[in-house]
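Only one structure is covered here, and it is reproduced in the block below.
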Amino acid sequence: MEHIYDMIVVGGGPGGYTAALYGVRAGLDTLVVEKMSAGGQMTLTTQIDNYPGFENGVDGNELGEKMRLGAERFGAKTEYAEVLSLELEGEIKKVVTSTGELLSRTVILATGASPRRLGIPGEAEFTGLGVSYCAACDGMLYRGRTVVVAGGGNTAAHDAITLSRICEKVIVIHRRDTLRASRVYHEPLAAAKNIEFRWNSAITEIHGDDIVSGVTIKDLKTGETGELECGGVFVCIGREPASALVRGKLECDETGYVIADETTRTAIPGVYAIGDLRTKPLRQVVTAAADGATAAHFAEQYLTEAAGR
């Protein structure tokens, strides 16, 4: 007979491996399916300073590996494969991967989300070397410096306010002549003396030697270009949830995030959405880990109730 796991976790980021750790310690036969390497998006960050327990910060790759090893120490298994499709209805769920089919009584979805990118020269080369996608994660690295924020929505407005408390100067570059951000952000933006706006403008190139030293910006009305010196670029134009596998199977909001509350339970019994994939107010390593623990708790509860029926 085919092996049936108690829990399959799709995604090996901080949420996924925390779920695996809590699941296997509760006695659940647990497998993590990860496409590339442990850690998820945090592997793109060389210095994480806001995860508790590391007084000098920690490299994202190192933290991901520590989480994997911690879960595997208690018996969790990892399979490196790409998940191609999911069958989530019914008592036994099916996870179809690039290496074969897997069966499980519960599935925890931890596929995360990726920041939208500008797609301009210099962006990829300087990611982690002056290009960032999260002010809460990396803002302290730019204390006392001039930084650029690309975007005009809620994320850009929130990050600009956060950075204004840390940086000497924050320059917001937006393609329109007004912000798309909610009005709640307008007053604090206007009150911040060190926030400057460049309207009807776009960044066309990011440049530097070893680290970012400036950007080229284009006036979208006149077509004129100019150089702007800065020590960092924060790209704040939204995120893309990795929810393609479950669209049409699970309820998602208008931007593609899986709808799940603080219990992480979805509308399908035995299926949970955690971390950056689900609807939530704050997407950080620590909140993803918290989701993982919560999901494992409710998965254990679901399996206990199912066994009693």
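Residue numbering for the sequence shown is 1 to 309, as defined by my numbering. Glycine is no exception: its CB is placed at the ideal position from the N, C-alpha and C atoms. Model, not experiment: these values are computed from the prediction.
Inset, instruction - Kindly give me the distance between the Cβ atoms of VAL95 and LEU109, rounded to whole angstroms, as I take these residues to be in contact under 8 Å. - result: At roughly 10 Å, the Cβ-Cβ gap does not stay under 8 Å, so VAL95 and LEU109 are not in contact.
Legend entry - Every unbroken beta strand (DSSP E) inside the segment 131–217 [3 residues or more]: 146–150, 169–173, 195–198, 201–208, all fully within the segment 131–217.
Inset, instruction - Provide the residue(s) that pair with SER85 in DSSP beta bridges, ordered along the chain. - result: BP columns for SER85 point to VAL96.
Inset, instruction - Give the DSSP-derived three-state secondary structure of VAL285 in the structure shown. - result: helix
Inset, instruction - Round the Cβ separation of GLY232 and TYR142 to the nearest angstrom and send it over; I've been treating them as touching at under 8 Å. - result: 5 Å
Inset, instruction - Within the same chain, show all residues whose beta-carbon is closer than 6 Å to that of GLY238, passing over the 5 residues directly before and after it, in chain order. - result: ARG116
Inset, instruction - Consult DSSP for ASP219 and reduce its assignment to one of helix, strand or coil. - result: strand
Legend entry - Distance CB(THR78)-CB(ASN61) smaller than 8 Å: no
Legend entry - Check: ILE206 C-beta below 7 Å from any heavy atom of the ligand NAD: In the structure shown, the ligand NAD is absent, as is every other ligand, since no ligand is present at all.
Inset, instruction - Using the DSSP secondary-structure output, state which residues sit across from THR127 in a beta bridge. - result: VAL131
Legend entry - Nearest-angstrom beta carbon gap, VAL170 and VAL149 [assumed within contact, 8 Å]: 6 Å
Legend entry - Contact check, VAL32 vs ALA81, beta carbons under 8 Å: no
Inset, instruction - Starting from the C-beta of ASP253, find all residues in its chain whose C-beta is less than 7 Å away, skip the five residues before and the five after it, and write them out in chain order. - result: ILE259, THR279
Legend entry - Where GLU262 falls, given that 16 or more other Cβ within 10 Å makes a residue buried: exposed
Inset, instruction - Hey, could you find the ends of the beta strand (DSSP E) THR30 is sitting in? - result: 30–34
Legend entry - Entirely enclosed beta strand (DSSP E) segments - the segment 218–262, minimum 3 residues: 225–229, 232–235, 239–241
Legend entry - Cβ pair PRO121, GLU205 closer than 8 Å: Contact flag set, yes.
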